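Okay, structure first, notes after.
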Amino acid sequence: MLLWGLLLSCVVPAAKLGVALTQESFTQILLQREARFLTDAIARDVMLASYVEVPDATHLKLYMKYQAEKPCTNVSYCFDQSMLLLRREQNGGGAQPVSSGAGAVQTLPLRQCAFSLVQGQYGDSVHIQLVVENGQRQLSLATQASSCNGWGRRHGL
Numbered sequence: 003m004l005l006w007g008l009l010l011s012c013v014v015p016a017a018k019l020g021v022a023l024t025q026e027s028f029t030q031i032l033l034q035r036e037a038r039f040l041t042d043a044i045a046r047d048v049m050l051a052s053y054v055e056v057p058d059a060t061h062l063k064l065y066m067k068y069q070a071e072k073p074c075t076n077v078s079y080c081f082d083q084s085m086l087l088l089r090r091e092q093n094g095g096g097a098q099p100v101s102s103g104a105g106a107v108q109t110l111p112l113r114q115c116a117f118s119l120v121q122g123q124y125g126d127s128v129h130i131q132l133v134v135e136n137g138q139r140q141l142s143l144a145t146q147a148s149s150c151n152g153w154g155r156r157h158g159l
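Here is the structure:
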């Protein structure tokens with residue numbers, strides 16, 4: 003009995019630690035997925051843009067022409083600092099939160115979202131910086147996106 007008690011006193015804490023580490027890894031994966039989804043969504047729109055404006059660090063305005071049969075599309079992204087959400091508005095249709103919406107995963111609050119124009123030798127690009135948070139876990143992700151339409155060269159941005 004004493005031997006079994008000693009064995010169980012070692013096994014139970016190790017199992018609890020394993021479960022805690024698994025939950026922490028899962029949380030980190032969710033943060034990475036949500037941050038990557040947000041940056042990829044913005045980068046897709048930037049690549050299709052004919053013209054780009056960054057009025058301030060929390061706003062990004064894109065003017066696009068997808069195809070000849072579709073009218074010009076205006077898309078804007080705004081970091082809502084009061085709600086800690088990234089919102090996307092298309093053609094003045096009302097701003098909607100941007101989220102992967104995957105299953106039971108809710109929109110994770112952003113601690114920071116910043117946009118800036120970066121001048122480069124071969125054209126300009128938009129720098130996107132996000133910090134997402136879930137409880138005590140934070141993840142920072144930055145990326146740059148350029149337009150396939152060459153807006154940085156044609157518009158002198």
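Each residue of the sequence shown is one higher than the last, beginning at 3 in the working numbering. For each residue, glycine too, the CB sits at the ideal point set by N, CA and C. Quick caveat: nothing in here was measured; it's all calculated off a predicted structure.
> Counting pairs of beta carbons, one from the region 3-23 and one from the region 90-102, are three or more of them closer than 8 Å?
Replying inline: no
> What did DSSP end up calling Ser-149 once you bin it into helix, strand or coil?
Replying inline: coil
> How close, in whole Å, do the beta carbons of Leu-112 and Leu-86 come, if the pair is a contact with beta carbons under 8 Å?
Replying inline: Right, their Cβ atoms sit about 5 Å apart.
>> Let's see if you can read the secondary structure: which residues bound the alpha helix (DSSP H) around Val-100?
In response: Careful: Val-100 lies outside any alpha helix (DSSP H) and carries neither H nor E.
> Between Asp-126 and Ser-52, what straight-line distance do the alpha-carbon atoms span, to the nearest angstrom?
Replying inline: 12 Å
> Grouping DSSP H, G and I as helix and E and B as strand, with all else coil, what is Leu-143?
Replying inline: DSSP places Leu-143 in strand when its eight states are reduced to three.
>> What does DSSP give as the partner residue(s) for Asn-76 in the beta ladder?
In response: Tyr-65
> Using the C-alpha atoms, what's the distance from Phe-117 back to Thr-145?
Replying inline: 10 Å
> At which residue ranges does the region 11-64 contain complete beta strand (DSSP E) runs of 3 or more residues, listed in the order of the chain?
Replying inline: 51-58
>> For Arg-139 and Gln-25, which I take to be in contact (beta-carbon distance under 8 Å), what is that distance rounded to the nearest angstrom?
In response: Wrong, their Cβ atoms sit about 11 Å apart, outside the cutoff.
> Where does Cys-115 land, buried or exposed, given buried means 16+ other C-beta within 10 angstroms?
Replying inline: buried
> Cα-Cα, which of Gly-137, Leu-88, Leu-119 is closest to Ser-149?
Replying inline: Leu-119
>> Whole angstroms are fine: how far does the CA of Val-21 sit from the CA of Phe-177?
In response: Past the edges of the chain, shown from 3 to 159, lies residue 177, and the structure says nothing about it.
> Who does Asn-136 pair with in a DSSP beta bridge?
Replying inline: The partner list for Asn-136 (beta bridge, DSSP) reads Arg-139.
> In the DSSP assignment, what are the bridge partners of Leu-119?
Replying inline: Val-128
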